[in-house]
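Asker:
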Amino acid sequence: MAEEFLLSFAAELILKKVVSSASEEISLGRGLKGELKRLNKKLTMVQALLRDYSAETTRVRGDAMTIWLRKLEDVAYHADNVLDEFAYEILRRKVEIRNQFKKKVRCFFSLSNPVAFRFKMARKVMKINSSLRDIINEANDFGLREIKKELSPQVVIDIESSRETHFHVDDSEVVGRKDDVSKIVNMLISSSINQDDVLSVLPVVGMGGLGKTTLAQLVYKDEQVNQHFNVVMWVSVSDDFDVKKILGRILESLNMPAKESKNAMVQSLREELAGKNYILVLDDVWNEDPVKWEDLRTCLLGISATTRNGVIVTTRTDDVASIMGTLGSHHLKNLPEVHCWTVFEQRAFASGGPPKTPEFEAIGRQVAKKCGGVPLAAKVLGGMMHSKKEKSEWLCIRDSEIWTLPEDKNGILRALKLSFN
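Final position of the sequence shown in numbering that gives the first Met the number 0 is 420; the numbers increase by one with none missing.
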């Protein structure tokens with residue numbers, strides 16, 4: 000029962016992103032907007048199927064059903080990554096003006112140049128919709144049917160209860176990470192002044208859900224960073240550490256035309272970044288092959304060998320950090336309980352939620368403590384409980400069997416095994 004519950008969390012988080020992407024100031028076009036609507040509908044159907052899976056405790060759940068859940072998890076992960084591309088472009092747009100370009104830069108989202116973005120994203124979302132359609136059909140073959148409403152109070156997030164409409168980082172909502180930002184900023188600036196290396200690499204290491212990407216975004220937007228470094232760039236890497244693709248995404252982040260060969264990419268970036276120092280964020284890196292990293296490192300040195308530049312790498316593993324890091328690693332710690340409560344409190348007791356009575360607060364603090372210092376868990380659970388107005392519903396969540404499940408080998412919090420941050 001735990002796995003489908005966790006996947007329901009995943010579907011809800013992605014649904015929030017679908018709503019968020021459609022609400023941003025982006026000219027989506029009919030095709031892309033239609034695909035996002037279809038994605039919203041299919042994810043809602045998936046949630047309903049998962050409720051049926053949970054309700055039928057006597058159903059035989061063999062290997063085929065396990066494979067089905069794995070397929071759903073893979074598609075959910077892919078959908079999350081695709082929708083994060085919206086978040087990245089929105090963030091890039093906001094800091095683009097700080098990059099010291101001599102030429103006038105075209106906005107990738109501007110009305111004068113929307114076609115490439117619409118076409119690329121529409122195709123990606125269409126592919127996800129196709130995969131979800133197949134998964135839904137398979138579920139029907141197993142006898143799963145959509146349950147439109149909850150049978151009883153459950154630990155399931157209701158989409159209408161979501162208080163968030165934007166998924167890019169909001170500085171005012173980030174709690175307990177000021178010291179982390181300050182340390183990373185100081186290390187990057189200090190290394191660019193005092194060290195001989197032209198390429199300083201700082202890994203940010205932590206388990207899923209701790210907010211590594213959020214922390215990197217805060218550094219990316221930091222005023223000192225943007226004053227000291229001429230250019231800031233961001234590439235979401237995930238498990239596809241393909242050097243040519245990474246270079247292509249760097250070109251894209253600078254609104255530069257694509258190139259066919261790796262050498263042409265390096266040459267183009269060398270000309271663009273001549274005399275400029277930069278910060279490059281490589282987000283969500285899983286590669287443990289030192290040969291691949293050395294290939295990318297050689298390319299980065301070929302782009303700029305005269306200025307002192309910084310690379311931030313976010314990763315879950317120390318192995319990645321040991322391969323890539325030159326400045327040591329910044330290990331992101333779990334939030335103190337007081338900060339975890341603040342994250343939970345902001346969402347659970349937001350306008351329209353339950354009254355912040357001593358009873359509700361006491362239960363809420365117990366739930367926040369169970370989040371184990373993982374901000375994503377506190378954030379999601381707080382948003383979920385915002386829609387629960389009865390004390391019995393809060394107690395149901397506090398006393399759920401999900402808290403008794405063991406953590407997996409990656410140490411990801413029980414209640415957020417799905418975390419994609």
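Built from N, CA and C at the ideal position, the CB exists for glycine as well.
To the nearest whole angstrom, what separates the beta carbons of Val174 and Leu217, a pair I think is in contact under 8 Å?
Answerer: No, Val174 and Leu217 are not in contact; Cβ-Cβ is about 12 Å, not under 8 Å.
Asker: In whole angstroms, what separates the C-alpha of Val387 from that of Cys339?
Answerer: Note on identity: in this sequence residue 387 is Lys, with Val being the wrong assignment. Distance between the alpha carbons of Lys387 and Cys339: 20 Å.
Asker: In the DSSP assignment, the beta strand (DSSP E) including Ser199 goes from what residue to what residue?
Answerer: Per DSSP, Ser199 belongs to the beta strand (DSSP E) from Leu198 to Val204.
Asker: Could you pull the DSSP bridge partners for Leu187 from this structure?
Answerer: Answer is none; Leu187 lacks a bridge partner.
Asker: Is Leu42 helix, strand or coil when you go by DSSP?
Answerer: DSSP places Leu42 in helix when its eight states are reduced to three.
Asker: Cutting at 7 Å between CB atoms, please list the residues of its own chain near Met186, excluding the five before and the five after it.
Answerer: These residues qualify, in order along the chain: Leu201 and Leu326.
Asker: Just the C-alpha distance for Ser151 and Val342, rounded to the nearest angstrom, thanks.
Answerer: In this prediction, Ser151 scores a pLDDT of 31, lower than 50, which makes its location untrustworthy; the coordinate-derived value is nonetheless stated afterwards. In a straight line, the C-alpha of Ser151 is about 27 Å away from that of Val342.
Asker: Can you name, in chain order, every residue of its own chain whose Cβ lies under 7 Å from the Cβ of Arg346, other than the five neighbours on each side?
Answerer: Contacts found: Arg162, Lys378, Gly381, Gly382 and His385.
Asker: Return the CA-CA distance between Ile96 and Asn229, expressed in angstroms with no decimal places.
Answerer: At Ile96 the pLDDT is 43, less than 50, meaning the model places this residue with poor confidence and gives no usable figure here.
Asker: Between Met323 and Trp285, is the Cβ-Cβ spacing less than 8 Å?
Answerer: No, Cβ-Cβ distance for Met323 and Trp285 is not below 8 Å.
Asker: On a Cα-Cα basis, can you pick out the residue from Asn128, Asp239, Arg307 and Asn139 that is closest to Ile192?
Answerer: The option with the nearest alpha carbon to Ile192 is Arg307.
Asker: Asn128 by DSSP, collapsed to three states: which one?
Answerer: Correct three-state label for Asn128: helix.
Asker: What residues are listed by DSSP as bridge partners for Ser237?
Answerer: Note: Ser237 sits in a beta bridge opposite Val284.
Asker: Mind checking which residues open and close the beta strand (DSSP E) that includes Val312?
Answerer: Segment Asn308 to Thr314, the beta strand (DSSP E) holding Val312.
Asker: Between the region 351 to 368 and the region 224 to 241, do three or more beta carbon pairs fall short of 8 Å?
Answerer: With a cut-off of 8 Å, the region 224 to 241 and the region 351 to 368 do not count as touching, because too few Cβ pairs lie within range.
Asker: Around the C-beta of Ile66, are 16 or more other C-beta atoms found within 10 angstroms, so that it is buried, or is it exposed?
Answerer: So Ile66 counts as exposed.
Asker: Taking 8 Å as the threshold (C-beta atoms), are Tyr219 and Val231 in contact?
Answerer: It is a contact, given that the beta carbons lie within the stated cut-off.
Asker: Phe348: buried (16+ other C-beta within 10 angstroms of its C-beta) or exposed?
Answerer: Classification of Phe348: buried, given that the 10 Å Cβ count is 16 or more.
Asker: In whole angstroms, what separates the C-alpha of Leu71 from that of Ile134?
Answerer: Computed Cα separation, rounded: 7 Å.
Asker: Following the continuous alpha helix (DSSP H) through His338, name the residue where it begins and the one where it ends.
Answerer: Element bounds for His338: Glu336 to Ala347.
Asker: Residues in its own chain within less than 8 Å of Gln194 by CB, not counting five upstream and five downstream?
Answerer: So the qualifying residues of the chain are Arg307.
Asker: Between the alpha carbons of Glu34 and Ala75, how many angstroms are there, rounded?
Answerer: C-alpha separation (whole angstroms): 16 Å.
Asker: Would you kindly work out how many angstroms separate the C-alpha atoms of Leu300 and Val197, rounded to a whole number?
Answerer: Distance between the alpha carbons of Leu300 and Val197: 8 Å.
Asker: How many Å lie between Tyr277 and Gly309 at the Cα?
Answerer: Their Cα atoms are separated by approximately 6 Å.
Asker: Look at the alpha carbon of Leu209 and the alpha carbon of Ile396, and state the distance between them as a whole number of angstroms.
Answerer: Cα-Cα distance, rounded: 22 Å.
Asker: Alpha carbon to alpha carbon, how far is Gly352 from Val132? Give it in angstroms, no decimals.
Answerer: Position check: residue 132 holds Arg in this sequence, whereas Val was assumed. Rounded to the nearest angstrom, the two C-alpha atoms are 35 Å apart.
Asker: Does DSSP put Arg37 in a helix, a strand or coil?
Answerer: Correct three-state label for Arg37: helix.
Asker: Rounded to the nearest angstrom, how far is the Cβ of Asp282 from that of Ala367, given a contact under 8 Å?
Answerer: Incorrect: roughly 27 Å between the Cβ atoms, too far for contact.
Asker: For a quick check, are the C-beta atoms of Val280 and Ile311 less than 8 Å apart?
Answerer: Taking 8 Å as the Cβ cut-off, Val280 and Ile311 qualify as a contacting pair.
Asker: Classify Arg248: buried if its beta carbon has 16 or more other beta carbons within 10 angstroms, exposed otherwise.
Answerer: Result: buried.
Asker: What residue does the alpha helix (DSSP H) around Glu271 start on, and which one ends it?
Answerer: Segment Lys261 to Glu271, the alpha helix (DSSP H) holding Glu271.
Asker: Ordered along the chain, which non-local residues of its own chain (more than five positions away) have a Cβ less than 8 Å from that of Asn128?
Answerer: Closer than 8 Å at Cβ, skipping near neighbours: Glu34, Arg37, Leu38 and Lys41.
Asker: I need the straight-line Cα distance from Lys332 to Ser321, nearest angstrom please.
Answerer: The alpha-carbon atoms of Lys332 and Ser321 are separated by roughly 18 Å.
Asker: Suppose you measure from the CA of Ser391 to the CA of Phe118; what does that come to, to the nearest Å?
Answerer: If you take the alpha carbons of Ser391 and Phe118, they lie about 48 Å apart.
Asker: Assign Leu209 to one of three DSSP states: helix, strand, or coil.
Answerer: Coil.
Asker: Can you tell me whether His227 is helix, strand or coil according to DSSP?
Answerer: Here His227 sits in helix by DSSP.
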